[in-house]
Amino acid sequence: MKTRLRVLRAEVEWSQAELAARVGVARGTINAIETGRYDPSLPLAFKIARAFGKNVEEVFLYAEDQEHQPRS
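Per this note's numbering: the sequence shown ends with 278, consecutive numbering throughout.
Below you can see the structure in the form of structure tokens.
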């Protein structure tokens with residue numbers, strides 16, 4: 207899953223730690239989401255989107271063909 211987290215954080219000048227505190231997770235979780243090593247749960251994805259005042263689809267970009275591709 208692709209994400210616009212890094213860009214959105216830059217727009218509001220938040221660090222990974224600040225976003226993590228706002229949504230109640232560790233900074234490493236935000237880092238893992240940004241680097242594609244971790245897909246957030248649905249509730250966490252909604253919390254992150256709401257923190258930016260966005261819809262989930264504006265923050266997380268899902269490509270249907272990813273389902274059939276092996277993870278690297």
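Positions of the beta carbon are idealized from the N, C-alpha and C atoms, including for glycine.
Predicted model, so just to flag it, every value in this text is computed and none were measured.
What would DSSP say about residue i, mapped onto helix, strand or coil?
i: Phe-258; result: coil
i: Thr-209; result: strand
Given this structure, state the Cα-to-Cα distance separating residue i from residue j, to the nearest angstrom.
i: Trp-220; j: Lys-253; result: 15 Å
i: Glu-264; j: Gly-234; result: 22 Å
i: Leu-248; j: Val-262; result: 9 Å
i: Val-231; j: Glu-270; result: 27 Å
i: Glu-280; j: Thr-241; result: No statement about residue 280 is possible, as the shown extent of the chain runs from 207 to 278 and does not include it.
i: Ala-163; j: Leu-225; result: Nothing about residue 163 can be reported from this structure: the residues present for the chain run from 207 to 278 only.
For residue i, collect the residues of the same chain with a Cβ closer than 7 Å to its Cβ; drop the 5 residues on either side in sequence, then sort them by chain order.
i: Asp-245; result: Met-207
From the DSSP secondary-structure annotation, give me the bridge partner or partners of residue i.
i: Phe-266; result: Thr-209
Among residues of its own chain, excluding the 5 on either side of residue i, which ones have a beta-carbon nearer than 6 Å to its beta-carbon?
i: Ser-278; result: Its pLDDT being 47, under 50, Ser-278 is placed unreliably in this model, and the value from its coordinates should be taken loosely. If we look at Ser-278 and ignore the five residues flanking it on each side, it has no Cβ neighbours.
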